[in-house]
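The numbering used here puts the first residue of the sequence shown at 114, with every later residue one more than the last.
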Amino acid sequence: MTIAQPAAAFRGGSLDDRVAAALATLPRRSGLDDLHDRDLAPAVAALHREGLLALPVDFEGRDGAPAYGLPPSDVLAALVRIGGHDLSLGRLYEGHVNALQLVCLYGTPDQKRRLRADARAGRLFGVWGADGLPPFSAETGEDGRLRLEGSKRFASGLGLVARALVPYTPPDGEMRLLLLDATDPERMDPSGWRMSGMRASRSGRYDASRLTAGPEDVIGRPGDYKREPYFVGGIWRCAAVQLGAIERIVELTIGALRDGGRLDHPLQMQRVGSMLMEARSARLFVEDAARRVEGGEVDAAAVSHSAYARLRTEAAGLAVMEAAERAIGLGIFCEGHPIEPILRDLRVYLRQANPDGTLIEHTRTLANLFVPGRPA
Ligand SMILES: Cc1cc2nc3c(=O)[nH]c(=O)nc-3n(C[C@H](O)[C@H](O)[C@H](O)COP(=O)(O)OP(=O)(O)OC[C@H]3O[C@@H](n4cnc5c(N)ncnc54)[C@H](O)[C@@H]3O)c2cc1C
């Protein structure tokens with residue numbers, strides 16, 4: 114993707130400064146608050162106040178329409194910072210950025226103008242890929258409008274997301290993308306999202322039965338949604354959010370050991386060393402993936418390195434959580450301990466689709482690139 118030029122310089126500081134300002138107005142998590150419908154609306158409003166909802170599309174493309182133009186290193190820093198504050202909020206902002214990027218890549222100038230107006234008005238976007246039961250479908254009627262049926266599940270941000278990008282496969286064609294109004298409370302069913310963590314992401318079911326949509330709501334051409342490097346390759350953003358939580362656990366663990374006079378014990382040092390190395394290696398993988406996928410260079414291995422960054426971050430997250438539990442001991446599970454809610458959230462958020470298949474597929478690709486000429 115060509116990175117567009119800014120329409121105007123960032124108003125009032127860098128992306129990272131604005132994220133820091135927005136988060137400074139929000140309370141830190143405490144206790145088991147998230148098991149009882151913690152509401153992220155004030156947090157989304159804080160992102161909006163700092164201009165963070167519209168910032169990714171405050172650029173101008175060659176066609177004079179809004180364009181997605183944030184440098185990947187800035188997005189990475191923002192996602193890491195938000196993830197370190199609150200993984201559920203990070204999940205929502207990641208989905209928002211993903212949706213804005215997809216509309217800018219594949220939408221018409223009019224669709225991009227609508228997108229920017231919505232984002233400037235504080236509307237949050239999401240990408241709802243996973244189908245519910247019955248699965249989401251869209252068929253063209255005689256009047257040329259789409260008749261929608263079925264539902265999406267794991268739809269993050271119920272009640273917070275106003276516009277959702279939803280993929281569907283027409284009976285006789287390739288996958289397409291539709292921009293759906295997601296604001297009807299009657300269609301939201303959060304009851305299946307009774308998770309031990311990430312509750313505040315409100316990732317439930319959205320029923321689209323009997324809705325209709327016009328051609329102006331269809332984004333891009335058939336097959337665009339799965340075009341690489343942005344489809345699988347975009348997973349680096351999810352890993353960046355997770356990385357924020359991983360680094361926060363390391364930071365809090367070091368602080369707790371130091372405060373308790375236990376940091377200098379050689380075995381605690383060994384544990385902290387392994388945590389630092391895990392976090393560092395995840396960071397290097399994620400930074401490398403972001404650069405490869407969005408740096409503007411053609412890179413045959415970019416998508417696979419992004420998939421590997423996801424897997425490396427998952428492994429780092431599991432290792433860091435175990436080390437923190439062993440370093441701090443029982444107290445880490447106590448309600449009110451600052452690490453406790455992060456552990457619950459991160460365990461849930463690390464569960465992304467099909468890790469085994471991801472490893473096999475991308476190892477095949479990278480093995481062939483590593484030793485060319487003998488495809489597996
Ligand atoms: C907090 C959160 C928010 C989310 N938000 C959204 C959202 O907004 N929109 C959206 O579309 N999705 C969302 N998702 C869903 C996400 O994209 C995945 O669909 C989901 O996390 C899949 O998790 P799973 O563990 O059930 O995966 P699975 O793929 O079922 O993996 C479970 C295990 O089964 C293995 N496995 C998978 N396939 C096979 C097979 N064929 N044979 C044998 N083993 C297999 C895997 O390797 C793994 O070991 C969200 C998920 C989370 C955690």
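Heads up, the beta-carbon is just placed ideally off N, CA and C, and yes, glycines get one too.
Query: Local Cβ density within 10 Å of Asn368, reported as buried at 16 or more and exposed below that; Result: The amino acid at residue 368 is misidentified as Asn; the sequence shows Gly. Exposed is the call here.
Query: Spatial neighbours of Leu202 in its chain, beta-carbon cut-off 7 Å, leaving aside the 5 residues before and after; Result: Leu153, Ala156 and Ile195
Query: Residue range of the unbroken alpha helix (DSSP H) whose run includes Lys225; Result: Pro222 to Arg233
Query: With 16 other Cβ atoms within 10 Å as the buried cut-off, status of Val399; Result: buried
Query: Alpha-carbon to alpha-carbon, Ala352 and Ala135; Result: 22 Å
Query: Member of Arg289, Ser269 and Ala422 whose CA lies at the smallest distance from the CA of Val345; Result: Ala422
Query: Alpha-carbon spacing of Thr476 relative to Arg162, whole angstroms; Result: 43 Å
Query: First and last residue of the uninterrupted beta strand (DSSP E) at Phe249; Result: Taken as a continuous stretch (DSSP letters only), Phe249 belongs to no beta strand (DSSP E), as it is neither H nor E.
Query: Cα-Cα separation between Met390 and Arg457, rounded to whole angstroms; Result: 22 Å
Query: Straight-line Cα distance separating Gly272 from Ser304; Result: 13 Å
Query: Cross-strand partners of Gly239 (DSSP beta bridge); Result: Ala277
Query: Leu443, enclosing beta strand (DSSP E) - first and last residue; Result: Premise fails: Leu443 is in no beta strand (DSSP E) and is neither H nor E.
Query: Separation of Leu459 from Arg260, as counted between CA atoms; Result: 38 Å
Query: Simplified DSSP assignment, three categories, for Ser269; Result: coil
Query: Val210: CB within 6 Å of a non-hydrogen atom of ligand 1; Result: no
Query: Entirely enclosed alpha helix (DSSP H) segments - the region 397-446, minimum 4 residues; Result: 415-441
Query: Check: Ser314 C-beta below 6 Å from any heavy atom of ligand 1; Result: yes
Query: For Tyr319, the nearest candidate out of Arg289, Ala420, Ala275 and Cys217 (CA to CA); Result: Ala275
Query: Member of Leu145, Arg151 and Ala158 whose CA lies at the smallest distance from the CA of Val132; Result: Ala158
Query: Straight-line gap, Asp337 to Thr138 (C-alpha atoms, nearest Å); Result: 38 Å
Query: Short Cβ contact (7 Å threshold) for Pro451 with Leu365; Result: yes
Query: Start and end residues, beta strand (DSSP E) containing Asp372; Result: Unbroken run through Asp372 is the alpha helix (DSSP H), Ile348 to Asp372; no beta strand (DSSP E).
Query: Proximity test, Trp241 beta-carbon vs ligand 1 heavy atom, cut-off 6 Å; Result: yes
Query: Straight-line Cα distance separating Ala420 from Gly270; Result: 24 Å
Query: Rounded C-alpha distance that separates Val210 from Pro379; Result: 43 Å
Query: Whole-Å CB distance - Pro179 paired with Val188, under 8 Å assumed; Result: At roughly 17 Å, the Cβ-Cβ gap does not stay under 8 Å, so Pro179 and Val188 are not in contact.
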